[in-house]
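Below: one structure, written as structure tokens.
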Ligand SMILES: Nc1ncnc2c1ncn2[C@@H]1O[C@H](COP(=O)(O)OP(=O)(O)O)[C@@H](O)[C@H]1O
Ligand SMILES: [Mg+2]
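Residue numbers (the UniProt record's numbering), protein chains in the order written: chain Y, 1 to 202; chain H, 1 to 248; chain R, 1 to 220.
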């Protein structure tokens, strides 16, 4: 599988404050792109603008050469987005949460994924009883359960312990090796990964 | 068919200059017509054979009620335009017109109540027209309230557009239901403005008043929109030049 | 995520939060209770007023139920996942409102005979009241869903939502109580029922679109 996402001349404003202008970069298979910048620089906003739920003033976005500026469905079908809040329903169990997001995963794959994120003992626990880090792990388990070509991970390492960070880095590595692409924002140093950096400067 | 006028109308700068030219004319002519209509209606038109002189408040009540409805109609259409074509000026229009329309609805309500006193003997009767104007007033309050509750401008613009459009879709249903309800509950009351054939000397000043208030409100709306446009475009070069021209 | 798994999780959530449903029901009963206590407990007042009383209580308890329908989804990040799922947001909204409607309306219909009886509502006409509820309440839910979507990100959105939405409930309440009143006085009421159905159908088509727009704007 090959993928190529091109961001051309993005101009994003929020509350009349310019977050970026004439920002261009591309993401292709096997590539890890890290969006860097201070708090409030607009890293999350940039990802949201790429996914099409905050408007851009100007710019063009192409997926595999096709212009998707006005309809991002092609991109949406082929990506996983994990934001600051992981989208885990507290009233549902870990298992049920994952089943909602990945209805086609087999029982075996599900257990495997839970093992990878160290939650195999919690599969029937309501998510309300999990810690913040554990909730994030539940969301991350989706990465093991669905095959999508582009990942958008907004600060995925927050609240994760050393073991979790290592597991996630390894998973990102394997995604890149299998021809996927990853867009990440993080302040944490990456130990085993060498990203291409997009800097957001005010 | 050429769409250039539509796009030009969507350009804030073009609108500002256009409004600059027409605003004064609308306001001036509107005021002249209003004065003419009022003086004619209040002093020279014949008294009503049933209601005597108290009917003369019609020259205030009816234009206000018409304007209240027209303003909402305009806002609803602007909401649709804002949502479908993302025209920049449409939310500006809604924001500028909502308080004016609300004021018109309030005038219609108060004048209706004042009119009701000599006619029915009470300030308020659950008359179909008065009740729908009351609901209309509440719809206006909703638009204004959500406009004020949201700080983010992009979101506020979308929200007022949705609320205005939603109100517009509901307005005919509300009006129809209220009228139906009214016939159900008080079949034979005396309706405020339902007159068998008004004589010309009575409805001509009314027409002039209505026309005058349309122009007057249009002028006010342009004025308010201009202020809002300046505020929104304050970073653009043409506004900066303008401010320099005024030497501020 | 697909529509089925979404529907299933919504269903599970609502079933587990039984208390919310029970609260809506209790609220309904309490509003009804206010009328005999606050106005007049005599049959002469209650019997003709019963349709109106039931419908006011229904409208208020539906507003309460709908008001916070996306609040949790907003707070836990689920709305972001809806937006990026590639699924149709209006359709997700439609499914969610539909499940909500089912969970609130069924218990309400179950206690209705008892309450109608307490209001001296003639039992032979209960089917008319149930028909108005079945045909009219979808409109209340779908219209309310727009208000809820508009105010989901606001700190004090609840009162604002009431202000926005309650005026829009007026036609439904008028035609529903009109139908009940017509039935009580032995007149034809099918016209009113048809209007209720038409309003609900319109709301069912338009409201998911507008609610989806509002959710998108709220997430801005
Ligand atoms: N929900 C919001 N509504 C309005 N403005 C916001 C919102 N979230 C963020 N912003 C603004 O957008 C800017 C960028 O925010 P964000 O993209 O979250 O930054 P980062 O992820 O780089 O820390 C900030 O200056 C902030 O003020
Ligand atoms: Mg961020």
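Glycine is no exception: its CB is placed at the ideal position from the N, C-alpha and C atoms.
Values in this document were obtained by computation on a predicted structure and should not be read as measured data.
For residue 176/H, the closest of 171/R, 115/R, 18/R and 97/R by C-alpha to C-alpha distance is 171/R. Contact of residue 51/Y with chain R by beta-carbon distance below 8 angstroms involves 83 and 84. Using a Cβ-Cβ cut-off of 8 angstroms, residue 202/Y does not count as an interface residue toward chain H, since no Cβ of chain H sits closer than that to its own. Along the segment 58 to 146 of chain Y, the beta strand (DSSP E) occurs as fully enclosed runs of 3 or more residues at 58 to 63 and 79 to 82, listed in sequence order. For residue 11/Y, the uninterrupted beta strand (DSSP E) run begins and ends at 4 to 14, by DSSP. Under the Cβ distance rule, residue 164/H does not count among the residues neighbouring chain R, no pair being separated by less than 8 angstroms. Excluding its 5 nearest sequence neighbours in each direction, residue 150/R has C-beta neighbours in its own chain below 6 angstroms: 214, listed in chain order. When C-beta atoms of the segment 56 to 66 of chain Y are compared with those of the segment 28 to 35 of chain Y, fewer than three pairs fall below 8 angstroms, so the two segments do not count as touching. Of all residues in the UniProt domain "Cytochrome c assembly protein" (30 to 185) of chain H, only 86, 151, 152, 153 and 154 place a beta-carbon less than 9 angstroms from a beta-carbon of chain Y. Between residue 217/R and chain H, the shortest Cβ-Cβ separation is below 8 angstroms. By alpha-carbon distance to residue 114/H, the top candidate from 57/H, 141/H and 143/H is 57/H.
Chain order gives no chain R residues near residue 185/Y, where near means a beta carbon separation below 9 angstroms; the closest approach is about 15 angstroms.
Interface flag for residue 86/Y against chain H is unset, since no Cβ pair is found closer than 8 angstroms. What residue 220/R touches in chain H, judged by beta-carbon distance under 7 angstroms, is 152, 154 and 155, going in chain order. With the rule of 3 Cβ pairs closer than 8 angstroms, the segment 43 to 52 of chain H does not count as touching the segment 9 to 27 of chain R. Excluding the 5 residues flanking it on each side, residue 26/H has same chain C-beta neighbours closer than 8 angstroms at 215, 216, 218, 219 and 222, in chain order. Close partners of residue 137/R in chain Y (Cβ separation under 7 angstroms) are lacking, with about 25 angstroms as the shortest Cβ gap.
Along the segment 5 to 23 of chain R, going in chain order, the ones with a CB nearer than 8 angstroms to a CB of chain Y are 5, 6, 8, 9, 12, 13, 16 and 17. With contacts defined by Cβ atoms closer than 8 angstroms, residue 169/Y and residue 200/Y do not form a contacting pair.
For residue 183/Y, there is no enclosing alpha helix (DSSP H); the enclosing beta strand (DSSP E) has its first and last residue at 181 to 185. Proximity of the beta carbon of residue 151/H to ligand 2 is not indicated: no heavy atom of the ligand is located closer than 7 angstroms. With respect to residue 200/R, residue 76/Y sits apart: the two C-beta atoms are not nearer than 8 angstroms. Nearest CB-CB separation between residue 15/Y and chain H: below the 8 angstroms threshold.
According to DSSP, residue pairing for residue 151/Y in a beta bridge involves 80/Y and 182/Y. With three or more CB-CB distances shorter than 8 angstroms, the segment 108 to 123 of chain Y counts as touching the segment 134 to 145 of chain Y.
In terms of side-chain proximity, the C-beta atom of residue 43/Y is found nearer than 7 angstroms to a non-hydrogen atom of ligand 2.
For residue 200/Y, no alpha helix (DSSP H) run applies, since DSSP gives it neither H nor E.
Residue 150/R has its Cβ no nearer than 7 angstroms to any heavy atom of ligand 1. Sequence-distant partners of residue 53/H (beyond 5 residues in either direction) whose C-beta falls short of 7 angstroms from its own C-beta, in its chain, are 47. For residue 61/R, no chain Y residue has a C-beta closer than 8 angstroms to its own C-beta; the minimum C-beta separation is roughly 22 angstroms.
Secondary-structure assignment with DSSP links residue 147/H through no beta bridge to anything. Per DSSP, the continuous beta strand (DSSP E) segment holding residue 18/Y begins and ends at 17 to 28.
Proximity of residue 1/R to chain Y, defined by a Cβ-Cβ separation below 8 angstroms, is satisfied. For ligand 1, no non-hydrogen atom lies closer than 7 angstroms to the CB of residue 83/R.
By the Cβ criterion, the segment 151 to 170 of chain R is not in contact with the segment 178 to 187 of chain R, since fewer than three pairs of Cβ atoms, one from each stretch, lie closer than 8 angstroms. Three or more pairs of CB atoms, one per stretch, sit closer than 8 angstroms, so the segment 201 to 214 of chain H contacts the segment 17 to 37 of chain H.
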